[in-house]
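Same order as they appear, the protein sequences are chains E and Y. UniProt numbering puts the first sequence at residues 1 to 258. UniProt numbering puts the second sequence at residues 1 to 416. The beta-carbon is built from N, C-alpha and C at its ideal position, and this holds for glycine as well.
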Amino acid sequence: MGKRKRQAMEEEEAIDQPGVIKMPQKRHYRQRAHANVFSDHALEYPTSPADMDWTVHYPELNGRKPEFADVGCGFGGLLVALGPLFPDTLILGMEIRTQVTQYVEDRIAALRAQPEQTAPGGYKNISVIRANAMKFLPNFFDKHQLSKLFFLFPDPHFKARKHKARIISSTLLAEYAYVLRPGGVVYTITDVRDLHEWMVKHFDEFPLFERMDEDVLEKEGHGDVVQAVRTATEEGKKVERNSGDKFLACYRRLPDPI
Amino acid sequence: MARLALSTLIARDDVLLAVAREHVLVYDKFTGSLLRTTKLESRIRACALDPSARNLVVVDDGKKLHVLAFDTLTVQSTRSIAKKSDIALVTPNGEQILLADKFGDAFAYPLHPPADTPTLPATEPVLGELIFGHVSTLTTFLLAPPAPADPKFIISADRDEHIRISHYPLGYVIHTFCLGSTKYVTALHIPPSAPELLLSGGGEDELRLWRWHEGKLLRTFPVGDVVRPRVTVRPPVLKTKPPAAKRQKTDEVEETEPEKVLAVSRIESIDNVVLFSLLGANALFYFQMDWSALDAAVDVRALEFDSPVVDFVLDGDTIWVSLDAQPPSAPLAAATWDAGSTALVMTTAPALSSVPEGDADTDLYLPLALLPKHPDDEGWDVLEAGEAMSDKQRGRRKVKEQLKALQQPASPASVS
Numbered sequence: 001m002g003k004r005k006r007q008a009m010e011e012e013e014a015i016d017q018p019g020v021i022k023m024p025q026k027r028h029y030r031q032r033a034h035a036n037v038f039s040d041h042a043l044e045y046p047t048s049p050a051d052m053d054w055t056v057h058y059p060e061l062n063g064r065k066p067e068f069a070d071v072g073c074g075f076g077g078l079l080v081a082l083g084p085l086f087p088d089t090l091i092l093g094m095e096i097r098t099q100v101t102q103y104v105e106d107r108i109a110a111l112r113a114q115p116e117q118t119a120p121g122g123y124k125n126i127s128v129i130r131a132n133a134m135k136f137l138p139n140f141f142d143k144h145q146l147s148k149l150f151f152l153f154p155d156p157h158f159k160a161r162k163h164k165a166r167i168i169s170s171t172l173l174a175e176y177a178y179v180l181r182p183g184g185v186v187y188t189i190t191d192v193r194d195l196h197e198w199m200v201k202h203f204d205e206f207p208l209f210e211r212m213d214e215d216v217l218e219k220e221g222h223g224d225v226v227q228a229v230r231t232a233t234e235e236g237k238k239v240e241r242n243s244g245d246k247f248l249a250c251y252r253r254l255p256d257p258i
Numbered sequence: 001m002a003r004l005a006l007s008t009l010i011a012r013d014d015v016l017l018a019v020a021r022e023h024v025l026v027y028d029k030f031t032g033s034l035l036r037t038t039k040l041e042s043r044i045r046a047c048a049l050d051p052s053a054r055n056l057v058v059v060d061d062g063k064k065l066h067v068l069a070f071d072t073l074t075v076q077s078t079r080s081i082a083k084k085s086d087i088a089l090v091t092p093n094g095e096q097i098l099l100a101d102k103f104g105d106a107f108a109y110p111l112h113p114p115a116d117t118p119t120l121p122a123t124e125p126v127l128g129e130l131i132f133g134h135v136s137t138l139t140t141f142l143l144a145p146p147a148p149a150d151p152k153f154i155i156s157a158d159r160d161e162h163i164r165i166s167h168y169p170l171g172y173v174i175h176t177f178c179l180g181s182t183k184y185v186t187a188l189h190i191p192p193s194a195p196e197l198l199l200s201g202g203g204e205d206e207l208r209l210w211r212w213h214e215g216k217l218l219r220t221f222p223v224g225d226v227v228r229p230r231v232t233v234r235p236p237v238l239k240t241k242p243p244a245a246k247r248q249k250t251d252e253v254e255e256t257e258p259e260k261v262l263a264v265s266r267i268e269s270i271d272n273v274v275l276f277s278l279l280g281a282n283a284l285f286y287f288q289m290d291w292s293a294l295d296a297a298v299d300v301r302a303l304e305f306d307s308p309v310v311d312f313v314l315d316g317d318t319i320w321v322s323l324d325a326q327p328p329s330a331p332l333a334a335a336t337w338d339a340g341s342t343a344l345v346m347t348t349a350p351a352l353s354s355v356p357e358g359d360a361d362t363d364l365y366l367p368l369a370l371l372p373k374h375p376d377d378e379g380w381d382v383l384e385a386g387e388a389m390s391d392k393q394r395g396r397r398k399v400k401e402q403l404k405a406l407q408q409p410a411s412p413a414s415v416s
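Below, the structure written as structure tokens:
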């Protein structure tokens, strides 16, 4: 019997100990990294933000709505890192892949259920939803609802004919600016230089965004967020293991000129 | 060979302009005689007249943007553009052409190309100024407030049920959305009698009324009962079936007719009468609307024709209607509002001479097949009856079960 299979069997036999919450394992949720954002997936999305029932996601709503959105949250690393840093803020991960979304859902539920939990907020302020953020962001969020938007290690869509599928494009920036309030911050990071330059070019050209370099981010108190952006995700860790570069680009949402 | 259907009707002064595939036709609207015509190299996708009625903007399948002199139909300029556009309009000040391609982006071009633009044969496409874009397929857009006022906003709609209000010319500043439609939106109209309002229609059995600047839905108008019986064209069967259809493991042969698909193609209004048409329906639909009593019930009625309505245009008291009909039926009909009977009635339309012939147009009803969405995902964790659980599924299920157990009070039997 191979080592992997033996380990798996041992893991399974080690269950059912009272008081021990079994965390979901990524290998049970693996799915292709690429999903076609232009397909008509059988996605559920609210007709409008007013129709969205956030109580399903956050047990203690207290009249709040999500303020941070992690677009393409993958396995939820950023959510888990940010949740305790901002216990009073509701944070939403958005992911288009079904199995990956399910993993994050199960992970958050398991974290919340842990006995003797000390994380501020108890992970009750983070959640995930299966959604196509490129198409339906305005369905979920009202104008200027968000104060932070994250695009961590987005799919590079290398081929020119796929560039339209890139998560940052001129036409999409208008929608991101719509859901993000003036003064809000967009965080982008990638290990693909070409994609980084593409994103920077588009953001730089877009009149409603202004680049924030690291000094500014640090001075305005976003240092711990930047660190989480760099290191908290599976993708980020993978890049480190492979000694890759990480290109960070953050932007402030400026006030509307009109 | 078949007589080509007339799409894009434009009425101006004494003439009626129509497009039939590659042909631009200008008819005398009283006698029906063909005054002038021109034939382009490829099918015309969009056509618009500028406010001065001197310039006709035409976009064809060859990705060419032509500007023709309306009185002679001679080509004054041709520009190559990057993508085929399906929607064209000229701004009320006559200075810009707005074109939108099916990928969802809208570009602005000066009406006349600047002097230094290379003339045909052009190798490099001219870059328009990107005004706004949707990720979804853009279906229609208009400028608000309506002409002749100076536009301050763009109202655009897409296949994913969105109606978006952006600023103009700063199209990158989105003002608000009108959200609530549950199917693709394909027609928009701002009634001149109430320019703060917006009527929308698409695949639903209702039209919607909005206060567009606030993004607020005011009411719906149920039209399905009147409209559905008159939709006579079924969606064409595509050569490449959408993925969901491919995956169906049915033993039955697919003999059943495709279901009817609704697609509102145009909405207009004359004072307090709202008129609208649907792709593949053999009628012009209408209802009277009291713009000061928006909640009042409306009586939706239909003026039927012998053939499907392709397009209609308002021309003073007359409504010109083009029909998808073969001889001996006429391709053009006319209607008018009869105040006495408070109904839309047919009037005489001139018999049009020399409507060109060609291969039957297969593209006319393609939107009926392309607009509806086909979800290609199935529930991924549902066990098919009799199938053994995979390791992955078992692993996921274990975590789920333990979490479920925690939420329920433990019963004596479950304690190990």
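Quiz item: Who are the neighbours of E/Met134 on chain Y, taking C-beta pairs under 7 Å?
Solution: Working through the first sequence from its first residue, we reach residue 134 of chain E at position 134. What E/Met134 touches in chain Y: Val135.
Quiz item: Does E/Ala174 have its Cβ less than 8 Å from a Cβ in chain Y?
Solution: Position 174 of the first sequence, counted from the start, is the residue given in the question as residue 174 of chain E. It does: the Cβ of E/Ala174 has a partner Cβ on chain Y nearer than 8 Å.
Exercise. Name, in chain order, the residues that DSSP records as bridge partners for Y/Asn55.
Key: Along the second sequence, read from residue 1 onward, the residue named residue 55 of chain Y stands at position 55. DSSP, once it has assigned bridges, lists Y/Ala69 as partnering Y/Asn55.
Exercise. List the endpoints of the continuous beta strand (DSSP E) containing Y/Ser76.
Key: On the second sequence, position 76 is the one that residue 76 of chain Y refers to. The sequence shown places Gln at residue 76 of chain Y, not Ser. Looking at the DSSP string, the run of the beta strand (DSSP E) that includes Y/Gln76 is Val75 to Ser80.
Quiz item: From Y/Ala263, Y/Ala194, Y/Gly215 and Y/Arg211, pick the residue whose C-alpha is nearest to that of Y/Arg228; which is it?
Solution: Counting from 1 along the second sequence, the entry for residue 228 of chain Y is found at position 228. Cα-wise, what sits closest to Y/Arg228 is Y/Ala263.
Quiz item: How should Y/Asp60 be labelled, buried or exposed, when 16 other C-beta atoms within 10 angstroms of its C-beta is the threshold for buried?
Solution: Position 60 of the second sequence holds residue 60 of chain Y. When all chains shown are included, Y/Asp60 counts as buried.
Exercise. Let me know the secondary structure DSSP gives E/Thr171 once reduced to three states.
Key: Numbered from 1 along the first sequence, position 171 holds the residue referred to as residue 171 of chain E. Helix, per DSSP.
Quiz item: DSSP state of E/Arg97, grouped into three classes?
Solution: Taking the first residue of the first sequence as 1, we reach residue 97 of chain E at position 97. E/Arg97 falls in the coil class under three-state DSSP.
Quiz item: When the distance is taken between beta carbons, is E/Tyr176 closer than 8 Å to E/Val186?
Solution: Along the first sequence, one-based indexing puts residue 186 of chain E at 186. Along the first sequence, one-based indexing puts residue 176 of chain E at 176. Yes, they are a contact pair.
Self-check item: Where E/Pro138 falls: helix, strand or coil (DSSP)
Solution: Position 138 of the first sequence holds residue 138 of chain E. Three-state DSSP puts E/Pro138 in a helix.
Quiz item: What's the call for E/Arg253, buried or exposed, on a 16-neighbour Cβ count within 10 Å?
Solution: By one-based count along the first sequence, residue 253 of chain E stands at place 253. Buried is the call here.
Exercise. State whether the segment 293-306 of chain Y contacts the segment 273-285 of chain Y, with contact taken as three or more CB pairs (one from each stretch) at a distance under 8 Å.
Key: yes
Self-check item: Those residues which DSSP pairs with Y/His23 across a bridge
Solution: Reading the second sequence from its first residue, position 23 is the one you call residue 23 of chain Y. Bridge partners of Y/His23: Y/Ala20 and Y/Lys39.
Practice problem: Evaluate contact between the segment 150-158 of chain E and the segment 108-117 of chain E, counting only Cβ atoms and requiring at least three cross-stretch pairs below 8 Å. | Solution: no
Exercise. Pick helix, strand or coil for Y/Pro191, following the three-state DSSP scheme.
Key: For the purposes of this step, residue 191 of chain Y is identified with residue 191 of the second sequence, where counting begins at 1. Here Y/Pro191 sits in coil by DSSP.
Exercise. Assign E/Glu220 to one of three DSSP states: helix, strand, or coil.
Key: For the purposes of this step, residue 220 of chain E is taken as the residue at position 220 of the first sequence. E/Glu220 falls in the coil class under three-state DSSP.
Quiz item: When we look at the beta-carbon of E/Met134 and count the other beta-carbons within 10 Å, is it buried (16 or more) or exposed?
Solution: Taking the first residue of the first sequence as position 1, residue 134 of chain E is located at position 134. So E/Met134 counts as buried.
Quiz item: Would E/Ser147 count as contacting chain Y if we go by Cβ distances under 8 Å?
Solution: Taking the first sequence and counting its residues from 1, the one referred to as residue 147 of chain E is at position 147. For E/Ser147, the answer is no, since every Cβ of chain Y falls outside 8 Å of its Cβ.
Quiz item: E/Met52 and E/Val71: beta carbons closer than 8 Å?
Solution: One-based indexing of the first sequence puts residue 52 of chain E at position 52. One-based indexing of the first sequence puts residue 71 of chain E at position 71. Cβ atoms of E/Met52 and E/Val71: not closer than 8 Å.
Quiz prompt | For E/Gln145: DSSP bridge partner residues | solution = Taking the first sequence and counting its residues from 1, the one referred to as residue 145 of chain E is at position 145. DSSP, once it has assigned bridges, lists no residue as partnering E/Gln145.
Quiz item: If E/Ile168 sits next to E/His202, beta carbons under 8 Å apart, how far is it from one beta carbon to the other, in whole angstroms?
Solution: Indexing the first sequence from 1 puts residue 168 of chain E at position 168. Indexing the first sequence from 1 puts residue 202 of chain E at position 202. The pair is a contact, with the Cβ atoms about 5 Å apart (cut-off 8 Å).
Quiz item: Alpha carbon to alpha carbon, how far is Y/Ser269 from Y/Pro191?
Solution: Locating residue 269 of chain Y in the second sequence gives position 269, counting from the first residue. Locating residue 191 of chain Y in the second sequence gives position 191, counting from the first residue. About 6 Å.
Exercise. Can you say whether E/Val56 is buried or exposed, counting buried as having 16 or more other CB atoms within 10 angstroms of its CB?
Key: Position 56 of the first sequence, counting from 1, holds the residue named residue 56 of chain E. With fewer than 16 other Cβ atoms within 10 Å, it is exposed.
Exercise. Scan the segment 168-194 of chain Y for residues whose Cβ lies nearer than 8 Å to a Cβ of chain E and list them as they occur along the chain.
Key: Leu170, Gly171, Tyr172, Val173, Ile174, Thr176, Phe177, Leu179, Gly180, Ser181 and Thr182
Quiz item: Around the Cβ of Y/Thr72, are there at least 16 other Cβ atoms within 10 angstroms (buried) or fewer (exposed)?
Solution: Walking along the second sequence from the start, residue 72 of chain Y turns up at place 72. Exposed, because fewer than 16 other Cβ atoms sit within 10 Å of the Cβ of Y/Thr72.
Quiz item: Mind checking E/Val100: buried by the 16 CB within 10 Å criterion, or exposed?
Solution: For the purposes of this step, residue 100 of chain E is taken as residue 100 along the first sequence, with counting starting at 1. Classification of E/Val100: buried, given that the 10 Å Cβ count is 16 or more.
Quiz prompt | Cβ separation of Y/Asp116 and Y/Leu138, assumed to be a contact under 8 Å, to the nearest whole Å | solution = Taking the second sequence and counting its residues from 1, one reaches residue 116 of chain Y at position 116. Taking the second sequence and counting its residues from 1, one reaches residue 138 of chain Y at position 138. Going by Cβ atoms, the distance from Y/Asp116 to Y/Leu138 rounds to 30 Å, so no, they are not a contact pair.
Quiz item: In whole angstroms, what separates the C-alpha of Y/Leu209 from that of Y/Lys216?
Solution: One-based indexing of the second sequence puts residue 209 of chain Y at position 209. One-based indexing of the second sequence puts residue 216 of chain Y at position 216. The alpha-carbon atoms of Y/Leu209 and Y/Lys216 are separated by roughly 9 Å.
Quiz item: When DSSP builds the beta bridges, which residues end up paired with Y/Asp101?
Solution: For the purposes of this step, residue 101 of chain Y is taken as the residue at position 101 of the second sequence. In the DSSP output, where bridge partners are listed per residue, Y/Asp101 has Y/Ser85.
Quiz item: Across which residues does DSSP place E/Gln102 in a beta bridge pair?
Solution: Within the first sequence, numbered from 1, the residue matching residue 102 of chain E stands at position 102. None, per the DSSP bridge assignment.
Practice problem: Determine the closest residue to E/Leu78 out of E/Ser48, E/Ala50, E/Ala113 and E/Asn125, with distance taken between C-alpha atoms. | Solution: Indexing the first sequence from 1 puts residue 78 of chain E at position 78. Of the listed residues, the one whose Cα sits closest to E/Leu78 is E/Asn125.
Self-check item: Beta-carbon proximity check, E/Gly121 vs E/Pro66, cutoff 8 Å
Solution: On the first sequence, position 121 is the one that residue 121 of chain E refers to. On the first sequence, position 66 is the one that residue 66 of chain E refers to. Going by C-beta atoms, E/Gly121 is not nearer than 8 Å to E/Pro66.
Quiz item: So which residues of chain E does Y/His162 contact, with C-beta pairs closer than 9 Å?
Solution: Translated into positions along the second sequence, residue 162 of chain Y becomes position 162. Those are Lys135, Phe136, Pro138 and Asn139, listed as they occur along chain E.
Exercise. Please name the residue in E/Gly184, E/Leu173, E/Phe150 and E/Pro182 whose C-alpha comes closest to that of E/Ala69.
Key: Here the question's residue 69 of chain E lines up with position 69 in the first sequence. With distances taken between Cα atoms, E/Ala69 lies closest to E/Phe150.
Exercise. Locate the beta strand (DSSP E) running through E/Arg253, then write down its first and last residues.
Key: Position 253 of the first sequence holds residue 253 of chain E. That run of the beta strand (DSSP E) goes Phe247 to Arg253.
Quiz prompt | C-alpha distance - Y/Thr8 paired with Y/Val26, whole-angstrom precision | solution = Taking the first residue of the second sequence as 1, we reach residue 8 of chain Y at position 8. Taking the first residue of the second sequence as 1, we reach residue 26 of chain Y at position 26. Approximately 12 Å, taken between the alpha carbons.
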